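First the structure, in the form of structure tokens, and then the observations on it.
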Amino acid sequence: MKMKAQTFWFLFLSLAKNVSPYQTPQYFKLEDGPLTATEGSCAEIKCHVSEYVDIRDSNWFWMKDAIWDDEKKDFNSTIIYSSNNLLYPVSPAFATRVKYVGSASTTWTTPSSSPRCSILICNLEKGDNGEYRFRSKGKFVWASNPANLSIIENRCPVTLENHPVVKDSDNVVLRCSTVASCPQELMLSSVPQKTFKYQECTKTFVGANFTASWEDDGMEISCQVQRNTDRYLIQKMTLRVEYEPKNVIAEVTPLLVKQGKPVTFSCSARGQPYPNFTWFQNGSQVSKLAQWNITSVAPSQNGNYYCVANNTHGEQKSNVMNLIVQYKPYVELKESSGETVLNEGKTLSLFCILLKSYPEPGHYTWYKNQTLVSNGPSKHYLKHLEPDDSGSYTCAATNSIGTGTSNPVQIKVQYSPRRTNISLSKDNNVKVGQDLDISCVTAAEPFPQRFSWYRYKNKTQVDSQLWMSTQRSTITLKEVQRSDEACYICNATNAIGTGEKSKPKCIVVHYAPTNLLLVMNSVATEGELVTINCTVESFPLAQLTLTKMLATNSSPEYIQLPSQQHVNQLSYTVNATAAHAGFYNCTATNAEGSQTKKNKLLVRYAPKNVMVQPESGLNIKENTSLTLQCNAKSYPEVTSFTWMKWIDGKPVILQNTQTFTLESVSPSDSGQYSCRATNAIGTGNSQQAVVHVLYAPKQTKIRILPEMEHEDGKSFVTLICSAQCYPPANHFSWYKKGKDPGRDAKMSEREMFTVYSDQPGIYYCIAKNEINERESEPVTLFAGGGFIKFFIIFLAILLVFAIIFFAHRHKNHFQWNKSCFACPSDGRGRNNQSVSATPSRSRDDLLSDQPCTTEAQRWRPHADSTPMSSFDNIYYHLQLHPAAMTSSEENPVTQMEDDSLNYAALQFGNGNKPKAKEEMRVVANAIVSQKHSPETTVGSELEDYENFSVAQAVQPSNQLNDDSAETSEDETELSYTTVNFLPKSGLLVKSRTCDGEETEYSDVQF
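Residue numbers (my numbering): -1 to 1004.
Laid out in structure tokens, this is it:
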């Protein structure tokens, strides 16, 4: 079954009206129910604020018959009441009839206090029927629900005629009327006399007729129908009767008052129109206020007061009130003679005159400079004057209200100066150059016309003569000087007389140190006693400081002085040394300034800190110049320099100049150098400076060790590459010449190189140091191997027989050997020096200059230890005495060509040790011949060295030297060293090197 469309929409609207997803709050709510009022009465439309409302930025008003306008989006209505009459003006028909009777809008924010927003409409008309709403616009927009007002017709409208203003005793007629059809009677109330009633046409009247009295003014008259219950239908009027002021009453509170207290004046009266009031004091007008207040009453306000009330109909005077003001006394002070300037010794007579007082005073008090001097009932004060009686005098009179004080009277007592003293403008400690005011302060009346000044020095306290006389009490010392330091006295004279002198006032002049004297010797010799004295004048006392500076621009060195020094005096005594030379400053300092004196002390001393200063270092390359500077500190200056070279620990004088120069140095110039500086005082020596000449390898040589045989039957030879150079060679290279030039093969980079018999050929080495490198002469190895091998075996057998022979000979001639060789048993040489039997001395050590050798001392195994290899080589180094080296150092290359070197090589095999431990002594005798320069200058300084000495004229008788007769005195003879060996089997081999030098080897094998 289908539902009709009208029925569907009806049900939808009904549900939409009664069911809502949420309920809108009701901020302003009008009371429900019909609102009915009678025509001519008043109706209250009650409005309640039910929610919190902030209406501060909004305007609200009441509307009548509001209709929504969709275009304006607002209501069209008649505004009957508005909170803002400018924005929302009220209709004139309601302007005087509508009154707001609700709560203030500020209370609407607290709904818990039940605020109201109601209005009251009076004098209702039939046209007032309609709907009324409360409306808010602005920040808060709202419209309340409507309230309907219905106006009922009034069947008995009452009219009370207003009577005009009347005067006292005028006749008054009052009338009240209603429609004649009204079934109820009219009632006129509050009428003082009988009423009357009559009907005229359509109206019924009721009234009253009476004579007005001033007492009827303000009487309220009302008129209504008999059974009326609506208070808004009662007609009322107020009767106004005009009359002159009556019942004028003046009141003053209080009538007896103390000075300074408040007083209230009140004036009241009846009158129409309301009267004006005027107050009078002793007949003089003082105020036009009905109520007049005096906050602080004065004695001048004492008197009779009354008020007058007046209006347009007349005036009336009040009663009189007498105001009594109690006040303190008023007094005046006068001197009986009328004089205020009196001389010392006169009588002062003062009177305290009472001007007015209520009540009368009974006590008087006298003051001088506000200090109490007398009190009592007397109005008269007497005093025998003294200088201290000058001052301001007052008197005071006292009653029950208070005390009145007179005006002060200044009394001056004239007297001669007394209590004279001196005052300074600043402390008595004054600085030089400052100004100082000295004032003569005295008590005198009148002021002195002359001041006399005296002064004396502090240290001469005697009667001083008059210094000066002035009319002013102050003198000024301009730019105080030391001469102004004194004790000052003054006195003063006025018309009465001359006073006594003041006590002396001494001033102390502060001045910076001056007349500073520094007394000392200007020149002293080292070790001599030097005294430095420093004195100064100053105040306050100065602090003396003595400082020393090596130069004028150097930092000062403070000298620690003894704690006990004389006042402004300093003394310093010291034994002079070179360190005491310099500039001495004596500084005197106090709070005012400082002064410094400077003197120079020269200390004569022998040269010190003598030093060798190389121009370009102590390590210098060969063929370059060497310059050494000899520097020293001394006074006076150095007069001579001496250069020395130290040879074997003894100096050799080179030259006598400050600068030592070698234009082209050679290796022989290496060594220790020193210098000596001399002046008139003495001599100083420098430390030794070691000069090293750097040069490239020279005479690179190959040292060939004896040929040995390996276990596998192959023979081998060990080669050693050596060179003369400094610094020592640090890189070695071995090469084997190839068949073609330039195709040599590099074999090794070590100092020693071993060549086996299966590697025959020509070998050479290159030695290199930091300066350069040099190649050795080539050697040929294993070129004819069979013959050499046979020859070596033969030499070995021959050596064995030779050892046996010498051993047997040694045994038979042991005693002869001991006396012949004279070898001490402790193994020391001629100079008691230990003889080294170290089996590792290189043959290069025999050269006169061997800086290039490797380690001179190598590891020596214990006699009973097993060797590390199949053989050990021992070399004995025969070193020439430095005296014999002199010429060779100058020409090292030539020397190497002329010298003859002998080597002894001892080889120990790994064979079994012999059972018998018989000691075998082998004596080796070596003679080295060397040519000496005839210009040698150090022969007298030679010392004995082990294994080396200069041969003497005595010829040895040893049969081993058959040509000893031909040996000259220039030949060098070696001493003998005894070496002990354990007997072992061995092979004697003799070989020769390939470089052609005269080098002999003796191989002994055990």
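Just so you know, even glycine gets a beta-carbon here, dropped at the ideal spot from N, CA and C.
All values derive from a computational prediction rather than experimental measurement.
L122 and E242 have their C-alpha atoms roughly 41 Å apart. As a beta-bridge residue in DSSP terms, G402 pairs with A395. The shortest CA-to-CA distance from C154 to any of E183, W58, I764 is the one to E183. In this structure, E218 is the residue among D756, A248, E218 with its C-alpha nearest to the C-alpha of K234. For the pair R131 and T227, the Cα-to-Cα distance works out to about 28 Å.
Looking at the DSSP output, C221 shares a beta bridge with L186, Q233.
Three or more Cβ pairs closer than 8 Å define a contact, and the segment 424 to 431 falls short of that threshold against the segment 385 to 400.
With respect to Y762, Y733 sits close: the two C-beta atoms are nearer than 8 Å.
Sorting Q627, Q686, N291 by C-alpha distance to the C-alpha of P649 places Q686 at the top. Membership of A493 in any alpha helix (DSSP H) is not indicated, and neither H nor E is assigned to it by DSSP.
Between T276 and V255, the gap from beta carbon to beta carbon reaches 8 Å or more.
With contact defined as three or more Cβ pairs closer than 8 Å, the segment 712 to 725 and the segment 671 to 681 are not in contact. Classified as buried, C438 has 16 or more neighbouring CB atoms from the shown chains inside 10 Å of its CB. Between Q412 and Q447, the C-beta gap is not smaller than 8 Å, which leaves the two residues out of contact. In this structure, the CA atom of D67 is about 7 Å from the CA atom of N74. In the DSSP assignment, A93 falls within the alpha helix (DSSP H) that extends over 90 to 93.
Between A484 and T440, the beta carbon gap of about 21 Å keeps them out of contact (Cβ cut-off 8 Å).
By the criterion of a C-beta distance shorter than 6 Å, N341 is surrounded in its chain by Q412, once the five residues flanking it on both sides are discounted.
Sequence-distant Cβ neighbours of T575 in its own chain, meaning closer than 6 Å and more than five residues away, are E524. Taking all protein chains shown into account, I420 has 16 or more neighbouring C-beta atoms within 10 Å of its C-beta and is therefore buried. Note on M466: under 16 other CB atoms within 10 angstroms of its CB, so exposed under the neighbour-count rule. Contact between the segment 247 to 254 and the segment 204 to 213 is absent: fewer than 3 CB-CB pairs across the two stretches fall below 8 Å.
Pairwise C-beta distances place the segment 610 to 619 out of contact with the segment 527 to 547, as fewer than three of them are shorter than 8 Å. Taking all protein chains shown into account, Q722 has 16 or more neighbouring C-beta atoms within 10 Å of its C-beta and is therefore buried. In the DSSP assignment, N280 forms no beta bridge with any residue. Q656 is bridged by DSSP to nothing; it lacks a bridge partner.
Close CB contacts of Y86 within its chain, under the 7 Å cut and outside five residues either way in sequence, are with N57, F59, I77, S80 (chain order).
Nearest to P359 by alpha-carbon distance, out of V688, H378, K326, E151, is K326. For S569, the enclosing beta strand (DSSP E) has its first and last residue at 567 to 573. In this structure, the beta-carbon distance from L568 to L542 falls below 8 Å.
Taking 8 Å as the cut-off, the Cβ atoms of G389 and A442 do not count as close. In the pairwise beta carbon analysis, the segment 702 to 709 is classified as not touching the segment 635 to 650: fewer than three pairs are separated by under 8 Å. The three-state reading of DSSP puts A630 in strand, counting E and B together. Shown here for T594: same chain residues with a beta carbon closer than 6 Å to its own, the five before and five after excluded, namely N583, T585 in chain order. Each residue's CA atom was taken as its position, placing A178 and C45 some 39 Å apart.
Assigned with DSSP and collapsed to three states, G125 falls in helix.
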